[in-house]
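Single-structure report; data block below.
Protein chains in written order, with the working numbering: chain X, 5 to 281; chain F, -14 to 272.
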């Protein structure tokens, strides 16, 4: 069941959500990466990030709250080892990027734009722990639009930009419109919701608890901007969830927290979608 | 003398299977679960672990985070091939659900996960230290080391007798068994740290293997260093995905070039060289 997204033809509408597929190596025992619509990397920053203190992720009755703090080995290492390995596996790679400043986003776009094997960039504009994680906090839609413009300007035309915005029902349409006008080829709705870790540090709530919120956001964006392409992210675990998001107007979905509970989730969803065709 | 280590065997990746509970037995404070998890037992190496899903989908009681367990035994069972035995200590609703599963109950199991203990190439003297339920992997490790001609001394510790794994079977294959309890109800009274220096001395230990909570592992690594032995420590960190996907189990370590970096307990560990863990940072952030 291939889909057209942001000018790319993807093998499936099922994508791996940023931060929930490790480096890809840890996922390959459970899913053939070639069958995914795309593998979205955890957010890559210019410099290596050691991540936040423990505990970094805790269980709640219907979701996980995380404060990972952008743990990643930085752009150099990503380009030298992780990206070539993903290409070798035949994965479609969408690189999620996060920066401390507008300049860092632009620099990431320049460097990634000339790297072979980057199908698209996903600009992370919605980190629920942005302040604590030391990345640019795109609190207002115009700030998100500014980052998308900066990234778009420094990227070859043939590499599309996806903008990942908050599942904030009140602002989501305005945010989506702004990033699309700034040059985003698709809108990813959305990230983990701003929440609190048990000790009060900022964190993000993800998982089944988010599904109704994300569904509402996707429907509102689709109603207001019927030509905008939407990638839905938030509590997808079962084939019925995929159907619900596609019916609400999404072109593709991302599976995240469900992979942490059952690493074969993406395979099961892809199998189910192919079985129904 | 520095022993050389064979590179960990078992390049086969983990499997995710629907397992069946064959037996569930309460022994002291622990529950021993035997699982039929096709394909997984063959791949297990001492030090690797399995992650289980807990809760009932139909009843809406599924918990999102996995629960991770050391493998205590791999044994052939008539009709089921090799089975997997894990040791469960009830610490919350997830482990309670698991220990209430009747024989025939189903549970999703992923494994084996993580990097196993490295085994020495030469027949050296080894001391194995396990605390509470985390002593579980020391038993299959002792058997592997014996096969290689190593002299094995086993140290099993716990707060009291109920929290000790039985050493009856192991006594046949190891050179010495030392039991340490916090309350002195059986064996030596105190903590592993109180007695380890003497044990390493008496056994002329070349390598020390340990599994348990971080403060104990720190004490083991320090005692090994003082004695001039190598140490391999298997960390028990709370894991959420247990597969390396979430980056939620940070362990501050030293890389080979001596630089500080942050590893993941589940995929880079759970076994780390004792001299490579930045213990002060780990214990400081573990609160």
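Note that CB positions come from ideal geometry on N, CA and C, so glycine has one too. All values reported here derive from a predicted model rather than from experimental measurement.
Continuous alpha helix (DSSP H) stretch holding residue 110 of chain X: start and end: By one-based count along the first chain, residue 110 of chain X stands at place 106. That run of the alpha helix (DSSP H) goes 106 to 117.
is_contact[residue 81 of chain X, chain F] using C-beta, thresh 8 angstroms: Stepping through the first chain from its first residue, residue 81 of chain X is reached at position 77. At least 8 angstroms separates the CB of residue 81 of chain X from every CB of chain F.
Distance cut-off 7 angstroms: residue 212 of chain F Cβ against heavy atoms of the ligand ADP: Ligands in the displayed structure: none, and consequently the ligand ADP is not present.
Spatially closest choice to residue 113 of chain X from X:70, X:210, X:27, X:162, by CA coordinates: Working through the first chain from its first residue, we reach residue 113 of chain X at position 109. Closest option to residue 113 of chain X, judged by alpha-carbon separation, among X:70, X:210, X:27, X:162: X:162.
Closest residue to residue 100 of chain F among F:88, F:228, F:192, F:199 (Cα-Cα distance): As a working mapping, residue 100 of chain F is identified with position 115 in the second chain. Comparing alpha-carbon positions, the option among F:88, F:228, F:192, F:199 lying closest to residue 100 of chain F turns out to be F:228.
Rounded C-alpha distance that separates residue 202 of chain X from residue 268 of chain F: Sequence index remark: in the first chain, residue 202 of chain X carries index 198 (1-based). Sequence index remark: in the second chain, residue 268 of chain F carries index 283 (1-based). Straight-line spacing of the CA atoms in residue 202 of chain X and residue 268 of chain F works out to 19 angstroms.
Closer than 8 angstroms to chain X by CB, residue 20 of chain F: Residue numbering aside, residue 20 of chain F sits at position 35 when the second chain is read from its first letter. For residue 20 of chain F, the answer is no, since every Cβ of chain X falls outside 8 angstroms of its Cβ.
Three-way DSSP call (helix, strand, coil) for residue 216 of chain X in this model: By 1-based counting over the first chain, the position of residue 216 of chain X is 212. Here residue 216 of chain X sits in helix by DSSP.
Any C-beta of chain B under 8 angstroms from that of residue 267 of chain X: Protein chains X and F are contained in the structure displayed, whereas chain B is not.
Residue 76 of chain X - partner residues in DSSP beta bridges: Position 72 of the first chain, counting from 1, holds the residue named residue 76 of chain X. Paired residues: X:53.
Proximity below 8 angstroms, CB of residue 60 of chain X to CB of residue 74 of chain X: Taking the first chain and counting its residues from 1, the one referred to as residue 60 of chain X is at position 56. Taking the first chain and counting its residues from 1, the one referred to as residue 74 of chain X is at position 70. The beta carbons of residue 60 of chain X and residue 74 of chain X sit no closer together than 8 angstroms.
Whole-angstrom distance between residue 56 of chain X and residue 272 of chain F, CA atom to CA atom: What you label residue 272 of chain F is simply residue 287 of the second chain in a count that begins at 1. What you label residue 56 of chain X is simply residue 52 of the first chain in a count that begins at 1. For residue 272 of chain F, the pLDDT reaches just 40, beneath the cut-off of 50, and the residue's location in the model is therefore unreliable, although a value from the coordinates is still provided. If you draw a straight line from the Cα of residue 272 of chain F to the Cα of residue 56 of chain X, it comes to about 13 angstroms.
Contact under 8 angstroms by Cβ, residue 101 of chain X with residue 127 of chain X: Position 97 of the first chain, counted from the start, is the residue given in the question as residue 101 of chain X. Position 123 of the first chain, counted from the start, is the residue given in the question as residue 127 of chain X. Yes, they are a contact pair.
Beta-bridge partners of residue 55 of chain F, as assigned by DSSP: Translated into the one-based positions of the second chain, residue 55 of chain F becomes position 70. Under DSSP, residue 55 of chain F takes part in a beta bridge, and its partners are F:34.
Bridge partners - residue 95 of chain F, DSSP secondary structure assignment: For this step, residue 95 of chain F is matched to residue 110 along the second chain. When DSSP reads this structure, residue 95 of chain F sits in a beta bridge with F:1, F:36.
7 angstroms Cβ shell around residue 281 of chain X - same chain, five flanking residues per side excluded: By one-based count along the first chain, residue 281 of chain X stands at place 277. Because the pLDDT at residue 281 of chain X is just 44, under 50, the model does not fix this residue reliably, and the value given afterwards should be weighed accordingly. Around residue 281 of chain X: 5.
Terminal residues of the beta strand (DSSP E) in which residue 163 of chain F lies: For the purposes of this step, residue 163 of chain F is identified with residue 178 of the second chain, where counting begins at 1. Secondary structure note for residue 163 of chain F: its beta strand (DSSP E) is the uninterrupted segment 161 to 166.
Outcome for residue 60 of chain F when other beta-carbon atoms lying within 10 angstroms are tallied against a minimum of 16: Residue mapping note: residue 60 of chain F aligns to position 75 of the second chain, counting from 1. Around the beta carbon of residue 60 of chain F, fewer than 16 other beta carbons sit within 10 angstroms, so the residue counts as exposed.
Beta-carbon proximity list for residue 272 of chain X, same chain, < 6 angstroms, skipping 5 on both sides: Counting from one through the first chain, the residue named residue 272 of chain X turns up at place 268. If we look at residue 272 of chain X and ignore the five residues flanking it on each side, it has no Cβ neighbours.
Span separating the alpha-carbon of residue 88 of chain X from that of residue -3 of chain F: On the first chain, position 84 is the one that residue 88 of chain X refers to. On the second chain, position 12 is the one that residue -3 of chain F refers to. Approximately 22 angstroms, taken between the alpha carbons.
Contacting residues, own chain, Cβ-Cβ under 7 angstroms from residue 211 of chain X (five flanking each side not counted): Here the question's residue 211 of chain X lines up with position 207 in the first chain. Within its own chain, the residues whose Cβ lies closer than 7 angstroms to the Cβ of residue 211 of chain X, once the five positions on either side in sequence are excluded, are 66, 67, 68, 239, 261, listed in chain order.
Proximity below 8 angstroms, CB of residue 282 of chain X to CB of residue 197 of chain X: Outside the modelled stretch of chain X, which goes from 5 to 281, sits residue 282 of chain X, for which no answer is possible.
Sufficient close CB pairs (3 or more, under 8 angstroms) joining the stretch 29 to 44 of chain F to the stretch 86 to 103 of chain F: Cβ pair count under 8 angstroms is three or more, so yes.
Inside the stretch 108 to 144 of chain F only - alpha helix (DSSP H) runs reaching at least 4 residues: 123 to 132, all fully within the stretch 108 to 144 of chain F.
Residues bridged to residue 93 of chain X (per DSSP): Position 89 of the first chain, counting from 1, holds the residue named residue 93 of chain X. Assignment of beta-bridge partners to residue 93 of chain X by DSSP yields no partner.
Counterpart residues of residue 246 of chain F in DSSP-defined beta bridges: Sequence index remark: in the second chain, residue 246 of chain F carries index 261 (1-based). DSSP lists F:238 as the bridge partner or partners of residue 246 of chain F.
Proximity test, Cβ basis, 8 angstroms: residue 271 of chain F and chain X: Indexing the second chain from 1 puts residue 271 of chain F at position 286. Because residue 271 of chain F carries a pLDDT of 43, less than 50, the predicted location of this residue cannot be relied on, and no value is offered for it.
Of the residues X:43, X:130, X:279, the one placed nearest residue 191 of chain X, counting alpha carbons only: Taking the first chain and counting its residues from 1, the one referred to as residue 191 of chain X is at position 187. Just measuring C-alpha positions, the residue of X:43, X:130, X:279 sitting nearest residue 191 of chain X is X:130.
Option in F:52, F:91, F:114, F:87 with minimal Cα separation from residue 73 of chain F: For the purposes of this step, residue 73 of chain F is identified with residue 88 of the second chain, where counting begins at 1. When only C-alpha atoms are compared, the closest one is F:52.
Straight-line Cα distance separating residue 226 of chain F from residue 113 of chain F: Indexing the second chain from 1 puts residue 113 of chain F at position 128. Indexing the second chain from 1 puts residue 226 of chain F at position 241. For residue 113 of chain F and residue 226 of chain F, the distance between alpha carbons rounds to 28 angstroms.
CB contact check: residue 281 of chain X to chain F, cutoff 8 angstroms: As a first step, residue 281 of chain X must be located in the first chain, where it is residue number 277. Its pLDDT being 44, under 50, residue 281 of chain X is placed unreliably by the model, and nothing is read from it.
Pairwise C-alpha distance: residue 262 of chain F and residue 78 of chain F: On the second chain, position 93 is the one that residue 78 of chain F refers to. On the second chain, position 277 is the one that residue 262 of chain F refers to. Approximately 32 angstroms, taken between the alpha carbons.
Bridge partner(s) assigned by DSSP for residue 15 of chain F: For this step, residue 15 of chain F is matched to residue 30 along the second chain. Beta-bridge partners assigned by DSSP to residue 15 of chain F: F:12, F:74.
The alpha helix (DSSP H) enclosing residue 45 of chain X, as first and last residue numbers: Counting from 1 along the first chain, the entry for residue 45 of chain X is found at position 41. No alpha helix (DSSP H) holds residue 45 of chain X; DSSP gives it neither H nor E.
Stretch pair the stretch 19 to 35 of chain X + the stretch 228 to 247 of chain F: three plus CB contacts closer than 8 angstroms: At 8 angstroms Cβ cutoff, the stretches touch.
Simplified DSSP state of residue 35 of chain X, which is helix, strand or coil: Residue numbering aside, residue 35 of chain X sits at position 31 when the first chain is read from its first letter. DSSP places residue 35 of chain X in coil when its eight states are reduced to three.
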